[in-house]
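Written below as structure tokens is the structure these notes are about.
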Amino acid sequence: MFLSQRFPNRWIGRGGPVLWPPRSPDLNPLDFFLWGYVKDAVYSETPTTRWNMMERIKRAYEAITPLMLGNVQRNFRCRLLLCLENNGAHFEHLLHAERADNNAILP
């Protein structure tokens, strides 16, 4: 294989010497909070022009509060703990139970 010859014991990937970690959007605040939040804010009404859409995106980012970021941070910690408790296996199904148990306000 090219990578093994070119980069012996130094490349990351499936079947390589260093395993590629699974894709984890559940552990990425951009995926579990930001993109959905901005999309909901921008498309609450259909944008009318390119400029209108750019303004809506700007307003969505400006509307993010420190309280919201604190909730994201708490949610991220919860997600990390669930990931560790499940040895890196899928844990998204446990998030709903965790929310109900803690009565937490999570994004």
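My numbering applies: residue 91 is where the sequence shown begins, and numbers increase by one. Using N, Cα and C, we set each Cβ at its ideal position, and we do this for glycine too.
Checklist entry - Do the region 166-176 and the region 136-147 touch if we need at least three Cβ pairs shorter than 8 Å? => result no
Checklist entry - Since Tyr133 is in the alpha helix (DSSP H), which residue starts that stretch and which ends it? => result Residue 133 sits at position 43 when you count from the first residue of the sequence shown. Segment: none, Tyr133 is in no alpha helix (DSSP H) and carries neither H nor E.
Item to check | Contacting residues, own chain, Cβ-Cβ under 7 Å from Pro54 (five flanking each side not counted) | outcome: Beyond the ends of the chain as shown, which are 91 and 197, falls residue 54; an answer cannot be given.
Next on the checklist: So for Pro197, helix, strand or coil by DSSP?
Outcome noted: Within the sequence shown, numbered from 1, the residue matching residue 197 stands at position 107. Note that Pro197 scores a pLDDT of 47, beneath 50, so its modelled location is shaky and nothing firm can be said.
Checklist entry - From Leu185 to Arg96, what distance separates their C-alpha atoms? => result The residue you call residue 185 lines up with position 95 of the sequence shown. The residue you call residue 96 lines up with position 6 of the sequence shown. Approximately 42 Å, taken between the alpha carbons.
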